[in-house]
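K.L.:
Below is a structure I'd like to ask you about.
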Amino acid sequence: MPPTPDKPLIAEDLLLLLFDPASGSIAGEGTLFYVLGGALLTELALDRQIDIDERTGLRGRLVHVVGSTVPTDPLLRSARDHVAQKPRDVQAILAAIGPRLRAPVLDRLVRGGHVRRERRKVLGLFTRTALRDGGTPHRPELLARVRAVLVDGAAPDPRTAAICALISASGTLPTFHRDIPWSTPVITRAKELERGDWGAEAAAAAVARTMAATVANALVAANVLPKN
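Residues are numbered in the working numbering as their position in the sequence shown, beginning at 1, plus a constant of 709.
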């Protein structure tokens, strides 16, 4: 199902979770373009708009468009159009579509009231824009779903599984320690989701599982994860 006004993109939910209401910062800024790009690819896969080759070639597994339906959402449409030019490996696609995503995805969160921008004076001279919690219940609801999967062992729906996998692959899961304990069982479950162990049997979910796992591998291959 394509996103609707009541169903934001996976990329929007992911960025909202990475936003820390206490500090006004966004976790994983250094890898954000890869992660948001990966969220778009995973959503396109879940909507059966793109697929990924089973075989691995010299450039890795290539992503290609399937079907003729074009997404109505402009961000999804732009990502699909890029893939439609020619099959490419995931890492190349992420590098191409990811760098321009932060601003428009953040703008959507602001328009939805989930995040607000606040202009402040610094040292009484300079004006800066800070991000603040918009006070909607959406982020706590998302966080509760992620916690249920990672901590309580609940079976995830494909969207939540994708979000958990991308958070884990981005290296930002430790920043959620106040709500999600950084424990061995949590780390193990997150890594399982990275590898595509979602427990969902639908054909669309199977494609999305493969895509999310490949995105996670691309993050590691690109050596963009924070060093321990």
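Note that the Cβ used here is the ideal one computed from N, Cα and C, for glycine as well. Every value quoted in this text rests on a predicted model; they were computed, and no experiment measured them.
Alpha carbons only, please: which of R887, A801, L859 is nearest the one belonging to A927?
P.N.:
A801
K.L.:
Just the Cα atoms here: how many angstroms apart are P865 and E752?
P.N.:
15 Å
K.L.:
In whole angstroms, give me the CA-to-CA distance for I889 and C873.
P.N.:
12 Å
K.L.:
Per DSSP, H886 is paired with what?
P.N.:
Looking at the DSSP assignment, H886 forms no beta bridge with any residue, so it has no partner.
K.L.:
Exposed or buried, what is K936 when buried is set at 16 or more other beta-carbons lying within 10 Å of its beta-carbon?
P.N.:
Legend: pLDDT at K936 = 44, less than 50; position of this residue unreliable, no value from coordinates given.
K.L.:
Can A917 and L859 be called in contact, C-beta distance under 9 Å?
P.N.:
In this structure, the beta-carbon distance from A917 to L859 does not fall below 9 Å.
K.L.:
Are the beta-carbon atoms belonging to T923 and I761 less than 9 Å from one another?
P.N.:
Contact: yes.
K.L.:
In whole angstroms, what separates the C-alpha of L723 from that of V779?
P.N.:
23 Å
K.L.:
In whole angstroms, give me the CA-to-CA distance for A863 and V895.
P.N.:
The straight-line gap separating the alpha-carbon atoms of A863 and V895 is approximately 12 Å.
K.L.:
By the three-class DSSP mapping on this structure, what secondary structure does G739 have?
P.N.:
helix
K.L.:
Rounded to a whole number of angstroms, what is the C-alpha to C-alpha distance between L726 and A921?
P.N.:
18 Å
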